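Structure first, commentary second.
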Amino acid sequence: MSRTAVFDASLSYFLQPIAALLEDPAVTEIMVNGPDKIFAERHGRLEAVAARFEDEDALLSAIHNLTQYVGRNIGPEQPILDARLPSGARVHAIIPPASRVGPCLTIRKFRPDVMTLDDLVRLGSLNAQSREFLEICIRLRKNILVSGASGAGKTSLLGALTEAIPGDERILVIEGPSLRQLFIAALRMRPDRILVGEVRGGEALDMLQAMLSGHSGCLSTVHAATPRDALVRLETLSLMSDVELPVYVARAQVASAIHVIVQIVRFPQDGSRRVTRIAEVRPLDAAGQYQVSDVFASRIEGRAADGRLYSHLEMTGHRNSPMSRGSTGWKT
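Number 277 in my numbering belongs to position 197 of the sequence shown; there are no gaps in the numbering.
This is the structure:
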């Protein structure tokens, strides 16, 4: 039996209490808050499930087995684990003393089917107009930031947007626990475009510098509730690098580097994930503050008998102008 097969069998044994959830294609995320408090996201809605681990030791053993599987360590001195399984599933674990309620485990499953722009239109997240607008932005090599809360669908949206990238371009995708080192390495590989799965630290400054120095057409995601919050978040992250920058310099770089922000939201009422705003980032105003103008904004129109929301993503009438900062214009 190969080493991989041994690990697979061991992992299946320790995760047996949640095996049915792991195998259910409708379940996208599993949250274990202690041995007997387990939740699952199914079709976009969170629900408590009857599954449970025998006791806290059994859950802790499963977490330790996961760390062996991915070649990482977890313990009192390093009580947090972020990793990715070979299947693509993201794993987050936290144990005491970082957790006061005992071991906790979250598994976000990998979608075997890649979401496309057609899928987003069919599901009502985008419409034909907003899809065309984003496709034009990508072809014109605008830097796009996808913003949203955890679990809102940022990564799926990012993947769908790559469909509009010309097939002859060299694309580098950066995702992992050592983003800054990967980013520096990627710049030396002459990419046509760089996709960053999520910026969450000082690597934000490296990304901004790349955007401002000729690597146009970058796409990335960030955790934020609004397009303006996304810019503030990116500014804060860039200040977390080991390069000391005045705040106004970081802010100016963010405003110059990012052209378009796509805000996506998960609605708890029906579990749907929808783009609610597509915004243009304009130059800083006279007071040095961000200026963001909606090109598309969503309007909730009602709810069906089954509880599903009706919404419409419509143009605001704002005449977008980010192309004025580049050599290529556009028309709407």
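Ideal placement from N, C-alpha and C gives every residue a C-beta, glycine not left out.
These figures come from a predicted structure and were not determined experimentally.
Quick one: grab the DSSP three-state call for residue i.
| i | result |
| --- | --- |
| His172 | strand |
| Thr301 | strand |
| Ser213 | Residue identity check: residue 213 is Phe in the sequence provided, not Ser. Reduced to three states, the DSSP call for Phe213 is helix. |
| Asp162 | strand |
| His144 | helix |
| Ser404 | Only weak support exists for where Ser404 lies, its pLDDT of 45 falling under 50; the value from the coordinates is given anyway. DSSP places Ser404 in helix when its eight states are reduced to three. |
| Ala26 | Within the shown structure, residues of the chain are numbered from 81 to 412, placing residue 26 beyond reach of any answer. |
| Tyr390 | strand |
| Asp137 | helix |
| Thr235 | helix |
| Ala359 | strand |
| Thr186 | strand |
| Val201 | helix |
| Phe94 | helix |
| Phe263 | helix |
| Asp286 | helix |
| Met291 | helix |
| Met108 | With the sequence shown as reference, residue 108 is identified as Thr, and Met is not the correct amino acid for it. Looking at Thr108 - three-state DSSP - the assignment turns out to be strand. |
| Ile218 | helix |
| Ala100 | helix |
| Thr412 | With a pLDDT of 37 at Thr412, under the threshold of 50, the predicted position of this residue should be treated as unreliable, though the coordinate-derived value follows. Coil, per DSSP. |
| Glu315 | helix |
| Arg354 | strand |
| Val323 | coil |
| Pro177 | coil |
| Asp365 | coil |
| Pro348 | coil |
| Ser167 | coil |
What distance in whole Å lies between the Cβ atoms of residue j and residue i, which are believed to be in contact at a cut-off of 8 Å?
| i | j | result |
| --- | --- | --- |
| Ile160 | Ile174 | 5 Å |
| Leu238 | Ile254 | The Cβ separation is near 12 Å, so there is no contact. |
| Ala232 | Ile344 | 5 Å |
| Val112 | Cys184 | 6 Å |
| Arg346 | Gly124 | 6 Å |
| Ser378 | His398 | Between His398 and Ser378 the Cβ distance is about 15 Å, and since that is not below 8 Å, they are no contact. |
| Leu285 | Pro271 | The pair is not a contact, with the Cβ atoms about 18 Å apart (cut-off 8 Å). |
| Leu30 | Val302 | One cannot answer for residue 30 here, as it falls past the ends of the chain, which runs 81 to 412. |
| Leu389 | Gln349 | 6 Å |
| Ala337 | Ser227 | Contact doesn't hold; Cβ gap of about 15 Å is too wide. |
| Ala120 | Glu109 | 7 Å |
| Val361 | Val342 | About 12 Å separates the two Cβ atoms, so there is no contact after all. |
| Glu283 | Arg260 | 4 Å |
What does DSSP give as the partner residue(s) for residue i in the beta ladder?
| i | result |
| --- | --- |
| Asn113 | Cys184 |
| Gly382 | Tyr390 |
| Ser227 | Val302 and Gln343 |
| Ser373 | Glu360 |
| Arg250 | Answer by DSSP bridge pairing: none, since Arg250 is not bridged. |
| Leu275 | Val253 and Leu299 |
| Met395 | Phe376 |
| Arg191 | DSSP, once it has assigned bridges, lists no residue as partnering Arg191. |
| Pro118 | The amino acid occupying residue 118 in the given sequence is Ile; Pro does not appear at that position. BP columns for Ile118 point to Val112 and Val129. |
| Gly155 | Gln158 |
Output yes if chain B places a C-beta closer than 7 Å to the C-beta of residue i; else output no.
| i | result |
| --- | --- |
| Ile118 | Checking the listed chains, one finds no chain B in this structure; it contains a single protein chain. |
**Three or more C-beta pairs below 8 Å linking the stretch 291-302 and the stretch 211-223** = yes
**Request:** Examine the Cβ distances between the stretch 202-222 and the stretch 327-335 and report whether three or more of them are shorter than 8 Å.
**Result:** no
**Prompt:** Within the chosen definition, does the stretch 191-201 reach the stretch 265-273 through at least 3 CB pairs nearer than 8 Å?
**Reply:** no
**Asked** Is it true that the stretch 199-209 meets the stretch 131-143, where meeting means three or more beta-carbon pairs spaced less than 8 Å apart?
**Response** no
**Request:** Could you tell me whether the stretch 117-132 touches the stretch 143-160, using the rule of 3 or more Cβ pairs below 8 Å?
**Result:** no
**the stretch 307-317 in contact with the stretch 86-104 per 3-pair CB rule at 8 Å** = no
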